[in-house]
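Chemist:
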Amino acid sequence: MDTADLMLDGNALGGALGEVFVAEITVARSTCGSCGAVREIGALVVYTQAPGSVARCPDCDAVLLRVVRAEGRIWLELQGVSCLELRAPA
Amino acid sequence: MKIDPAIIPLGALRWLLAEVVELVPETPRVTSLVLDVPGWAGHRPGQHVDVRLTAEDGYQAQRSYSIATPADAERLVLTVEELDDGEVSPFLTEELGAGDRFELRGPIGGHFVWDGSAGGPLHLVGGGSGVVPLMAMLRHRAAAGLDVPATLLYSSRTLEDVIYREELDALARADPAFRVVHTLTRAQPEAWDGYARRIDGEMLAEVFEGGGEANAFVCGPTRFVEVAADGLVAIGYEPGSVRTERFGPSGA
Numbered sequence: 001m002d003t004a005d006l007m008l009d010g011n012a013l014g015g016a017l018g019e020v021f022v023a024e025i026t027v028a029r030s031t032c033g034s035c036g037a038v039r040e041i042g043a044l045v046v047y048t049q050a051p052g053s054v055a056r057c058p059d060c061d062a063v064l065l066r067v068v069r070a071e072g073r074i075w076l077e078l079q080g081v082s083c084l085e086l087r088a089p090a
Numbered sequence: 001m002k003i004d005p006a007i008i009p010l011g012a013l014r015w016l017l018a019e020v021v022e023l024v025p026e027t028p029r030v031t032s033l034v035l036d037v038p039g040w041a042g043h044r045p046g047q048h049v050d051v052r053l054t055a056e057d058g059y060q061a062q063r064s065y066s067i068a069t070p071a072d073a074e075r076l077v078l079t080v081e082e083l084d085d086g087e088v089s090p091f092l093t094e095e096l097g098a099g100d101r102f103e104l105r106g107p108i109g110g111h112f113v114w115d116g117s118a119g120g121p122l123h124l125v126g127g128g129s130g131v132v133p134l135m136a137m138l139r140h141r142a143a144a145g146l147d148v149p150a151t152l153l154y155s156s157r158t159l160e161d162v163i164y165r166e167e168l169d170a171l172a173r174a175d176p177a178f179r180v181v182h183t184l185t186r187a188q189p190e191a192w193d194g195y196a197r198r199i200d201g202e203m204l205a206e207v208f209e210g211g212g213e214a215n216a217f218v219c220g221p222t223r224f225v226e227v228a229a230d231g232l233v234a235i236g237y238e239p240g241s242v243r244t245e246r247f248g249p250s251g252a
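So the protein lines, in turn, are chains A and B.
Residue numbering for the first sequence is 1 to 90, as defined by the working numbering.
Residue numbering for the second sequence is 1 to 252, as defined by the working numbering.
#1: List the residues of chain B whose Cβ lies closer than 9 angstroms to the Cβ of Val95 (chain A), in chain order.
#2: In whole angstroms, what is the alpha-carbon distance linking His111 (chain B) and Thr79 (chain B)?
#3: Our contact map puts Asn215 (chain B) next to Leu153 (chain B) with C-beta atoms below 8 angstroms; I'd like the distance itself, whole angstroms only.
#4: For Glu82 (chain B) and Glu94 (chain B), which I take to be in contact (beta-carbon distance under 8 angstroms), what is that distance rounded to the nearest angstrom?
#5: Counting along the chain, where does the alpha helix (DSSP H) carrying Val132 (chain B) start and finish?
#6: What is the C-beta distance between Gly52 (chain A) and Leu65 (chain A), in whole angstroms, given that I count them as a contact (C-beta under 8 angstroms)?
#7: In whole angstroms, give me the CA-to-CA distance for Arg63 (chain B) and Leu76 (chain A).
#8: Show which residues of chain B have a CB atom less than 8 angstroms away from the CB atom of Gly18 (chain A).
#9: Would a check of beta-carbon distances place Leu6 (chain A) closer than 9 angstroms to chain B?
#10: Among residues of its own chain, excluding the 5 on either side of Val20 (chain B), which ones have a beta-carbon nearer than 7 angstroms to its beta-carbon?
#11: If you draw a straight line from the alpha carbon of Ala136 (chain B) to that of Ala118 (chain B), how long is it in whole angstroms?
#12: Looking only at its own chain, which residues have a Cβ that is under 7 angstroms from the Cβ of Gly18 (chain A), when we skip the five neighbours before and after it?
#13: Decide if the region 236-252 of chain B is in contact with the region 184-199 of chain B; the criterion is three or more beta carbon pairs, one per stretch, under 8 angstroms apart.
#14: Going by DSSP, name the residue or residues bridged to Tyr154 (chain B).
#15: Applying the criterion that 16 or more other CB atoms from any shown protein chain within 10 Å of the CB defines a buried residue, is Cys83 (chain A) buried or exposed?
#16: Exposed or buried, what is Pro5 (chain B) when buried is set at 16 or more other beta-carbons lying within 10 Å of its beta-carbon?
#17: Starting from Val233 (chain B) and walking both ways along the beta strand (DSSP E), at which residues does that stretch end?
#18: Report the rounded CA-to-CA distance for Gln60 (chain B) versus Gly15 (chain A), giving the unit in angstroms.
#19: Using a Cβ cut-off of 9 angstroms, pull out every chain B residue sitting near Gly36 (chain A), in sequence order please.
#20: Do Ser155 (chain B) and Ile199 (chain B) come within 9 angstroms of each other at the CB atom, strictly closer than that value?
#21: Can you tell me whether DSSP reads Gly33 (chain A) as helix, strand or coil?
#22: Given a limit of 7 angstroms on CB to CB distance, which residues of the region 215-228 of chain B reach chain A?
#23: Can you name, in chain order, every residue of its own chain whose Cβ lies under 7 angstroms from the Cβ of Val20 (chain A), other than the five neighbours on each side?
#24: Leaving out the 5 sequence neighbours to the left and right, which residues in its chain are closer than 7 angstroms to Leu134 (chain B) when beta-carbon positions are compared?
#25: What would DSSP say about Ala41 (chain B), mapped onto helix, strand or coil?
#26: Any Cβ of chain A within less than 9 angstroms of the Cβ of Glu238 (chain B)?
#27: For Ala71 (chain B), which residues from the same chain have a beta carbon less than 7 angstroms from its beta carbon, with the 5 sequence-adjacent residues on both sides left out?
#28: What's the call for Arg56 (chain A), buried or exposed, on a 16-neighbour Cβ count within 10 Å?
#29: Kindly indicate which three-state DSSP category Phe247 (chain B) falls into: helix, strand or coil?
#30: Which residue's Cα is closest to the Cα of Gln168 (chain B): B:Thr31, B:Val148, B:Ala144 and B:Val132?
#31: Ala68 (chain B): buried (16+ other C-beta within 10 angstroms of its C-beta) or exposed?
#32: Note down, in chain order, every chain B residue with its Cβ under 7 angstroms from the Cβ of Ala43 (chain A).
#33: Using alpha carbons as the reference points, say which of A:Pro89, A:Ala62, A:Gly72 and A:Arg69 lies closest to Thr31 (chain A).
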């Protein structure tokens with residue numbers, strides 16, 4: 001097995017990010033800070049084997065976000081995302 | 001620390017306790033878990049749940065499983081494939097019995113969802129237990145009486161590994177707008193006249209001829225999804241119209 005087998009979609013982040021965001025996060029649209037591509041979180045390339053999860057841009061492979069949950073805390077790093085657009089709660 | 005439920009914002013995910021009502025064998029490797037989940041708020045077809053198991057020493061293991069039931073079903077059903085080296089699936093399929101409880105949270109997801117509002121035609125490609133969220137969409141389509149044309153291309157190893165085989169065949173017999181096309185990759189019964197190879201571009205082109213305007217959903221092991229999604233784009237589907245759900249290495 002190589003890393004290509006371990007690739008998942010942003011759908012896999014729904015649980016981890018659902019602890020943080022009130023709006024459904026897999027239909028939120030993120031803009032890649034590197035190439036400008038706008039994709040739903042559900043369509044990102046995700047790896048969950050790291051100590052936490054890493055989402056990459058499906059267009060340019062830049063790291064968009066990382067989320068780590070440990071010791072009763074959540075770290076969410078969004079350095080690669082230039083804009084996150086969520087549906088406002090009704 | 002105890003968290004006051006009142007301070008958890010509306011919509012935030014929380015762990016619920018599911019009770020097993022019944023276990024239904026689907027194939028030699030696949031079992032459906034019929035669950036009663038107090039507090040369950042309903043779901044949309046294609047969504048999944050996270051299941052969390054906690055050992056006596058506090059060790060926790062967590063996995064995601066697709067919901068198999070249509071949106072308005074009374075019970076929640078998860079269909080689980082037992083992986084030989086799995087940490088969670090063998091417990092769910094072999095150890096659990098009626099009345100046992102475990103933790104889950106959901107429903108999760110909105111990207112890989114079809115509830116009819118997006119229309120169709122609906123083009124589904126499933127590999128192995130990747131058929132589960134697609135089945136939730138097809139069950140919803142049937143239960144809601146939607147006449148959106150739908151086609152499922154479904155890859156299994158052998159005929160006995162085909163999950164929901166009788167139900168799919170019955171749906172196809174009863175509904176001229178629904179078609180199921182099987183491919184059996186490892187072994188075929190005598191006189192099998194269907195596909196007998198892994199999904200490829202030629203097969204996708206034959207099954208989904210002229211389907212570039214469709215809503216396409218692809219679910220299965222990561223490599224399967226790569227081939228199917230790339231193949232659909234190669235025959236004219238907009239990349240953004242092909243929604244994928246990869247579930248990692250296959251159980252092989």
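Positions of the beta carbon are idealized from the N, C-alpha and C atoms, including for glycine.
Modeler: Taking the definition as stated:
#1: Because residue 95 (chain A) is not part of the residues shown, which for chain A are 1 to 90, the question remains open.
#2: 20 angstroms
#3: Not really, about 14 angstroms apart at Cβ, beyond 8 angstroms.
#4: Indeed, because the Cβ distance is near 7 angstroms, the residues count as touching under 8 angstroms.
#5: DSSP places Val132 (chain B) in the uninterrupted alpha helix (DSSP H) bounded by Val131 to Ala143.
#6: About 10 angstroms separates the beta carbon of Gly52 (chain A) from that of Leu65 (chain A), a gap too long to meet the 8 angstroms contact definition.
#7: Taking the CA atoms as reference points, Arg63 (chain B) sits about 20 angstroms from Leu76 (chain A).
#8: Ala12, Leu13, Arg105 and Ile108
#9: yes
#10: Leu33, Leu35, Leu96, Gly97, Ala98, Gly99 and Asp100
#11: A direct Cα-Cα distance of roughly 15 angstroms separates Ala136 (chain B) from Ala118 (chain B).
#12: Ile25
#13: No: the two stretches stay apart, fewer than three of their Cβ pairs being nearer than 8 angstroms.
#14: B:Gly126 and B:His182
#15: Classification of Cys83 (chain A): exposed, given that the 10 Å Cβ count is below 16.
#16: Residue placement at Pro5 (chain B) cannot be trusted, given a pLDDT of 46 that sits under 50; what the coordinates show is reported in the next sentence. Under this definition Pro5 (chain B) is an exposed residue.
#17: Looking at the DSSP string, Val233 (chain B) is not in any beta strand (DSSP E); the run it does join, the alpha helix (DSSP H), is Thr222 to Ala234.
#18: 15 angstroms
#19: In chain order: nothing, as chain B lies at least about 15 angstroms away.
#20: yes
#21: coil
#22: Thr222 and Arg223
#23: Closer than 7 angstroms at the Cβ level, and outside the excluded window around Val20 (chain A), lie Ile74 and Leu76.
#24: Here the set comprises Leu124, Gly126, Leu152, Phe217 and Cys219.
#25: coil
#26: no
#27: Excluding sequence neighbours, Ala71 (chain B) sits near Gly42, His43, Arg44, Pro45, Asp115 and His140.
#28: buried
#29: coil
#30: In the sequence under discussion, the amino acid at residue 168 (chain B) is Leu, which differs from the Gln named in the question. Of the candidates B:Thr31, B:Val148, B:Ala144 and B:Val132, the one whose C-alpha sits nearest the C-alpha of Leu168 (chain B) is B:Val132.
#31: buried
#32: His111
#33: Ranking the options by Cα distance to Thr31 (chain A), first place goes to A:Ala62.
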